[in-house]
Every structure is written in C-alpha cells, then in structure tokens.
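Chemist:
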Amino acid sequence: MNVRVLLFAGAREAAGADAVQVDVPADADYARLAEAMAAQQPALSELIGRSRFAEGTRYVAPGDTIDPSTEIALIPPVSGG
Amino acid sequence: MNVRVLLFAGAREAAGADAVQVDVPADADYARLAEAMAAQQPALSELIGRSRFAEGTRYVAPGDTIDPSTEIALIPPVSGG
Amino acid sequence: MIALTHQPIDTTKLVADASQPAAGAVVLFLGITREFTAGRQTRELAYEAHAAMAEAELARLEAAARDRWPLVACSIVHRLGEVPLAEASVAVVASSPHRADAFEAARWLIDELKQTVPIWKQEHYADGETEWVHNQPT
Amino acid sequence: MIALTHQPIDTTKLVADASQPAAGAVVLFLGITREFTAGRQTRELAYEAHAAMAEAELARLEAAARDRWPLVACSIVHRLGEVPLAEASVAVVASSPHRADAFEAARWLIDELKQTVPIWKQEHYADGETEWVHNQPT
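So the sequence lines, in the order shown, correspond to chains A, B, C and D. Anchor point for the first sequence: position 11 equals 11 in our numbering, and the numbering is continuous, going up by one each time. Anchor point for the second sequence: position 19 equals 19 in our numbering, and the numbering is continuous, going up by one each time. Anchor point for the third sequence: position 36 equals 36 in our numbering, and the numbering is continuous, going up by one each time. Anchor point for the fourth sequence: position 7 equals 7 in our numbering, and the numbering is continuous, going up by one each time.
1. For Arg68 of chain C, which option in C:Glu44, C:Ala106, C:Phe36 and C:Asn135 has the closest C-alpha, if you only look at C-alpha atoms?
2. Counting along the chain, where does the beta strand (DSSP E) carrying Ser89 of chain D start and finish?
3. Since Val93 of chain C and Val15 of chain C should fall inside the 8 Å C-beta cutoff, what is the C-beta to C-beta distance between them, to a whole number of angstroms?
4. Going along chain A in order, which residues have a C-beta closer than 9 Å to the C-beta of Glu48 of chain C?
5. Where does Leu33 of chain B fall in DSSP's three states?
6. So, is the C-beta of Gln7 of chain C closer than 9 Å to a C-beta in chain E?
7. Excluding the five sequence neighbours on either side, which residues of its own chain have a C-beta within less than 6 Å of the C-beta of Ile48 of chain A, listed in chain order?
8. Met110 of chain C: which of C:Val26, C:Arg99 and C:Leu61 sits nearest, CA to CA?
9. So, with DSSP's three-state summary, where would you put Ala106 of chain D?
10. Between Glu55 of chain B and Glu55 of chain D, what straight-line distance do the alpha-carbon atoms span, to the nearest angstrom?
11. Is Ala49 of chain C helix, strand or coil when you go by DSSP?
12. Near Arg12 of chain B, which residues of its chain fall below 7 Å by C-beta distance, leaving aside the five closest residues on each side in sequence?
13. What does a CB cutoff of less than 8 Å around Gly63 of chain A pick up in its chain, not counting 5 residues either side in sequence?
14. Using C-beta distances below 8 Å, list every residue in its chain close to Val72 of chain C, excluding the 5 sequence neighbours before and after it, in chain order.
15. Between the beta-carbon of Ala59 of chain C and the beta-carbon of Ile2 of chain C, is there less than 9 Å?
16. Across the stretch 76 to 92 of chain C and the stretch 112 to 119 of chain C, are there enough close Cβ pairs to call them in contact, namely three or more that are closer than 8 Å?
17. Could you please give me the residues that DSSP links to Gly81 of chain A through a beta bridge?
18. Pick helix, strand or coil for Ile48 of chain A, following the three-state DSSP scheme.
19. Kindly list, in the order they appear in chain D, the residues whose Cβ is closer than 7 Å to that of Gly49 of chain B.
20. Which residues in the same chain have their Cβ closer than 7 Å to the Cβ of Leu7 of chain A, if we skip the five residues on either side of it in sequence?
21. Please state if the CB of Pro118 of chain D and the CB of Val3 of chain B are separated by a distance shorter than 9 Å.
22. Under 9 Å between C-beta atoms, does Arg58 of chain A make it to chain C?
23. Could you pull the start and end residues of the alpha helix (DSSP H) that Gly81 of chain D belongs to?
24. For the beta strand (DSSP E) that contains Gly10 of chain B, what are its first and last residues?
25. Kindly list, in the order they appear in chain A, the residues whose Cβ is closer than 8 Å to that of Gly31 of chain C.
26. Looking at C-alpha atoms only, which residue of A:Asp67, A:Asp27, A:Val5 and A:Gly81 is the closest neighbour of Gln41 of chain A?
27. For Arg68 of chain D, is the beta carbon positioned less than 8 Å from some heavy atom of the ligand ZN?
28. Under 7 Å Cβ-Cβ, which residues of chain D neighbour Gln20 of chain C?
29. Buried or exposed for Arg50 of chain A, going by 16 or more other Cβ atoms inside 10 Å?
30. Compare the C-beta of Ala94 of chain C with all C-beta atoms of chain A and state if any pair is closer than 9 Å.
31. Checking the sheet assignment: what are the DSSP bridge partners for Trp120 of chain C?
32. Counting C-beta neighbours from all protein chains within 10 Å, is the total for Ser134 of chain C 16 or more, i.e. buried, or is it exposed?
33. Can you give me the Cβ contacts of Thr11 of chain C inside the same chain, cut-off strictly under 7 Å, excluding the 5 residues immediately before and after it?
34. Between which two residues does the beta strand (DSSP E) holding Ala73 of chain B run?
35. Note the first and the last residue of the continuous beta strand (DSSP E) segment covering Leu71 of chain D.
36. Could you pull the DSSP bridge partners for Ala19 of chain B from this structure?
Here it is as structure tokens:
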C-alpha cells in the first residue's frame, strides 16, 4: 500500500517537501515504514532513526500496524518550550 | 534602664499602643526584656512567648544583651506572603 | 485553557484570568528567547507545530495536571512563527488554593511540554545561519 | 529589586523587567487574597510591616538568592494595607538562563519571606470580625 507521511521542521527541510508517499506491504508496522522511508529518502535517514510517528493526534509505537485511513506524521525530537 | 519597644499587628492591638516603655536592669538580655514586658503587659504575655526581638533591622537572640541606643521591636510570628 | 498563537502572548491577561478568589497562589512560567546558547548568538527563534496534534497534546497535559493537582486555573499557550529576543515562546499559568500545587503543576507542565508536544524550534543565529533543533529533549 | 507598596502590584511591569535577552526563563509567583480559609469566608486582607526591617530582610533575601542561583532578574514586592479578594499581596519574579534556577529561586524566596520578613496579615472576615494572624509560619 502507499502511505502519505507528513513532515515537519528539519525533516521537512531535509526532504524539501511537506509530505512524502511511501510504499509498504499491507499490514506493515511503523518500524517497517521507518525502514522504507529511510531507504527512499537517504537525507532523512539519520533523523528518522531518532523520530516517532503519529496517527492523527496521537503517538504510535514502532510495532503498531499502520492505519492508512489516518493522517500519519513523522515526529522528529521536539524542541518547543 | 528604660527601654522603648515598638509593637506591631496583634501585639500593637493587644497593648493599644505602638510602643511600650519597659524597665530592665542595665546589661539585661532580651530574655529578661520579654519577662519584664510580659509582667507589665499581661494582655501581651502569650504573644510575647511566641515572639522574637529585633534591633534596628535585624533579629536578635534571647541571650543577646540589649543595646538601648537601637530601635527595638517585638516581632510576633510573621504572616506576610 | 490551551492555545497556539502567531501573536505575542498576552501574559497580563493569563495572570488576570488565573487570579480568582478561590486561589491563593498563581505561578506563571515564561520561556523566552535567550540571546546566547553555548556561546553562540541568537537573533531570534522560529517555531513550527503539528498544530492539530500539538493542541491535542496540550489539552491532555492540562487535563492530566487538573487530575493531579487542585488547580483553579491552568493555561498553556505556545507561540508559533518568529519570536524575537526576550519575548515569550511559551507561557504556563497555574493557580491553586496553596502555593505548592501551583509551583509543582507549572513545573511539571513545562517539563512535559518539552518532552511530548510536537513543536519545533529553529535557531536563527546572528551570523545568518539557521538550524532546526532536534536534540533529545532534556 | 525589592519594594513595599500601598498600591496594587504592577505584575506586568515586573514580568517585562525580568524578560531580558540573557534569560531563557521567567517565573512569577503571586500570593493573592483567597476567599475561603478552613471554610471561613474572607472579605479582604490587610497587611502591616515593620517597614525598615522588612525592606532590609527582603534585600537580604534577594542577595542570598542571587548568590545561590544565576539570576538575571530578581524582584520581591509586598503590598501593605487592604488587599481585596483575588488581588496580589506579594509578587516574586526570578529570571535565569535555564528554567530550573528560576523555579527554585522563586519558590525559595516566597518560602523564606513567609518565615522571616516582619509583615503581618489581618483577616477581615465576611462576618465583620478581624483577626491578626500569628500562627507559626508553615
């Protein structure tokens, strides 16, 4: 399946885009998505290794199955405050 | 010697005065002053037992000798803030 | 109350709203743009958010703080976009009947915000360089 | 900066003065007049000080806090006279490069102030009674 992932901050800057489309097997988990994104976007790979994913407005765990009906985002280490 | 002691808050209210004059022996300490004040002002005696004294802008200890050249104050338990 | 804003944060209003007769203590924390970090000069900071998720995370933090402490008021406001030197990027206000709770809640809220809320800071250095900050939060 | 005042405390100015480019964190504490204490209704509070000594004690607290924490700004203002419900009787502001110091200094200053500074509170209860508060400080 094809998954759209929103990018923010340094990830957006490194990819030169607000979002990327990534192909992953059906029923893949977020760990698999991270691998596929890193392979497709080498400039992002270091930051992906330190990032989490979110579905909608909640963090997900690496072992969670991707729900492609939700808005998926890559959340690099945060620095608000 | 005769010592003038400034009164504040509940002590001022109980004595009905901003200050009292107290007779104490020359070279008396503040513990002796507390005793003399309590004897002279029975309405103040309970509060004196829970109070400290100050000379000028500093607290003194009960065993400190009274310096009658300074401004002496009775400092009941404070409640600022 | 939680909010993201592109305008300067109105801290006077936040403090006034938190100063209610049921409270005895109000604590305000402001994170402001500091000029020097590790010897390097900052001209200003810029903040970006995953806005929908950041608002949801902030609302969860407010709810968690209200569960944990007896708060009269609890507000978290984060500014987005450029924040000049000495201006506030974030304001946290907590009020409570007694001061220990307001202090603890305000400290906990800013510590948690820095760990979990999807907002990012970009350094705009005085020498013209820019840099997104993605250190592990401390 | 320390001050005693019979006017409402200008907390907006205190926060603005503490928000300097050398700081990254500002903490404001306000003690405000709470309506209910142990179930009894307060109409307002009135404060009295041994003014010269209170100013000296506040100045010693500011100096001690500046010795102990790397503070950019440190202000303590106490209001005297009548303080209506929800208005501030005391304001403490500390700013520092990093937030832990500003939080710790503000908390320490208000805790010490309540132990040592010769200022007294008189309850003006809603039922018309008045009472000077001389409990052992907590």
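Glycine included, C-beta positions come from ideal geometry on N, C-alpha and C.
Modeler: Taking the definition as stated:
1. Position 68 of the third sequence, counted from the first residue, corresponds to residue 68 of chain C. Among C:Glu44, C:Ala106, C:Phe36 and C:Asn135, the Cα nearest to that of Arg68 of chain C is on C:Ala106.
2. The count along the fourth sequence starts at 1 and reaches residue 89 of chain D at position 89. That run of the beta strand (DSSP E) goes Ala88 to Ser96.
3. Along the third sequence, read from residue 1 onward, the residue named residue 93 of chain C stands at position 93. Along the third sequence, read from residue 1 onward, the residue named residue 15 of chain C stands at position 15. Yes, they are in contact, since the Cβ atoms of Val93 of chain C and Val15 of chain C sit about 6 Å apart, within 8 Å.
4. Within the third sequence, the letter at position 48 stands for residue 48 of chain C. Within chain A, the residues near Glu48 of chain C are Phe8, Ala9 and Arg12.
5. On the second sequence, position 33 is the one that residue 33 of chain B refers to. Correct three-state label for Leu33 of chain B: helix.
6. Checking the listed chains, one finds no chain E in this structure; the protein chains it contains are A, B, C and D.
7. Within the first sequence, the letter at position 48 stands for residue 48 of chain A. Within the same chain, Ile48 of chain A has close Cβ partners Ala34, Met37 and Ala38.
8. As a position in the third sequence, residue 110 of chain C is number 110, starting the count at 1. A small fix is needed here, since residue 110 of chain C is Ile in this sequence, not Met. Ile110 of chain C has its Cα closest to that of C:Leu61, out of C:Val26, C:Arg99 and C:Leu61.
9. The sequence position of residue 106 of chain D within the fourth sequence is 106, counting from 1. Reduced to three states, the DSSP call for Ala106 of chain D is helix.
10. Indexing the second sequence from 1 puts residue 55 of chain B at position 55. Indexing the fourth sequence from 1 puts residue 55 of chain D at position 55. Those two C-alpha atoms are separated by around 14 Å.
11. The residue given as residue 49 of chain C occupies position 49 in the third sequence. Ala49 of chain C falls in the strand class under three-state DSSP.
12. One-based indexing of the second sequence puts residue 12 of chain B at position 12. So the list reads Asp18, once near-sequence residues are dropped.
13. Counting from one through the first sequence, the residue named residue 63 of chain A turns up at place 63. Only Asp29, Tyr30 and Ala31 meet the Cβ criterion.
14. Position 72 of the third sequence holds residue 72 of chain C. Taken in chain order, the residues that qualify are Ala18, Gln20, Ala22, Ala23, Ser95, Ser96 and Pro97.
15. Within the third sequence, residue 59 of chain C is the residue found at index 59, counting from 1. Within the third sequence, residue 2 of chain C is the residue found at index 2, counting from 1. Yes.
16. yes
17. As a first step, residue 81 of chain A must be located in the first sequence, where it is residue number 81. Answer is none; Gly81 of chain A lacks a bridge partner.
18. Within the first sequence, the letter at position 48 stands for residue 48 of chain A. Three-state DSSP puts Ile48 of chain A in a helix.
19. As a first step, residue 49 of chain B is located in the second sequence; it is residue number 49 there, counting from the start. Within 7 Å Cβ-Cβ: nothing; Gly49 of chain B doesn't reach chain D, min ~11 Å.
20. As a position in the first sequence, residue 7 of chain A is number 7, starting the count at 1. Cβ within range, chain order: Ala15, Ala17, Asp18, Ala19, Val20 and Leu74.
21. Taking the second sequence and counting its residues from 1, the one referred to as residue 3 of chain B is at position 3. Taking the fourth sequence and counting its residues from 1, the one referred to as residue 118 of chain D is at position 118. No; because the gap between Cβ atoms is not below 9 Å, this pair is not in contact.
22. Stepping through the first sequence from its first residue, residue 58 of chain A is reached at position 58. Judged by the 9 Å Cβ criterion, Arg58 of chain A is in contact with chain C.
23. As a first step, residue 81 of chain D must be located in the fourth sequence, where it is residue number 81. Counting along the chain, Gly81 of chain D falls outside any alpha helix (DSSP H), though it belongs to the beta strand (DSSP E) covering Gly81 to Pro84.
24. Taking the second sequence and counting its residues from 1, one reaches residue 10 of chain B at position 10. Careful: Gly10 of chain B lies outside any beta strand (DSSP E), inside the alpha helix (DSSP H) at Ala9 to Ala15.
25. Here residue 31 of chain C refers to the residue found at position 31 when the third sequence is read from its first residue. Per Cβ cutoff of 8 Å: Gly81.
26. Your numbering for residue 41 of chain A matches position 41 in the first sequence. Nearest option by C-alpha distance: A:Val5.
27. The model on display carries no ligand, and the ligand ZN is accordingly not part of it.
28. Locating residue 20 of chain C in the third sequence gives position 20, counting from the first residue. Correct list: Ala86.
29. The count along the first sequence starts at 1 and reaches residue 50 of chain A at position 50. Flag for Arg50 of chain A reads exposed.
30. As a first step, residue 94 of chain C is located in the third sequence; it is residue number 94 there, counting from the start. Taking Cβ atoms only, chain A never reaches closer than 9 Å to Ala94 of chain C, which makes this a no.
31. Sequence index remark: in the third sequence, residue 120 of chain C carries index 120 (1-based). Bridge partners of Trp120 of chain C: C:Glu48.
32. Here residue 134 of chain C is taken as the residue at index 134 of the third sequence, counted from 1. Position check: residue 134 of chain C holds His in this sequence, whereas Ser was assumed. Label assigned to His134 of chain C: buried.
33. Taking the third sequence and counting its residues from 1, the one referred to as residue 11 of chain C is at position 11. So the qualifying residues of the chain are Leu28, Leu30, Ala88 and Ala91.
34. Within the second sequence, numbered from 1, the residue matching residue 73 of chain B stands at position 73. Note, Ala73 of chain B: beta strand (DSSP E), Ile72 to Ile75.
35. Mapped onto the fourth sequence, residue 71 of chain D falls at position 71. Careful: Leu71 of chain D lies outside any beta strand (DSSP E) and carries neither H nor E.
36. Within the second sequence, the letter at position 19 stands for residue 19 of chain B. Beta-bridge pairing links Ala19 of chain B to B:Leu6.
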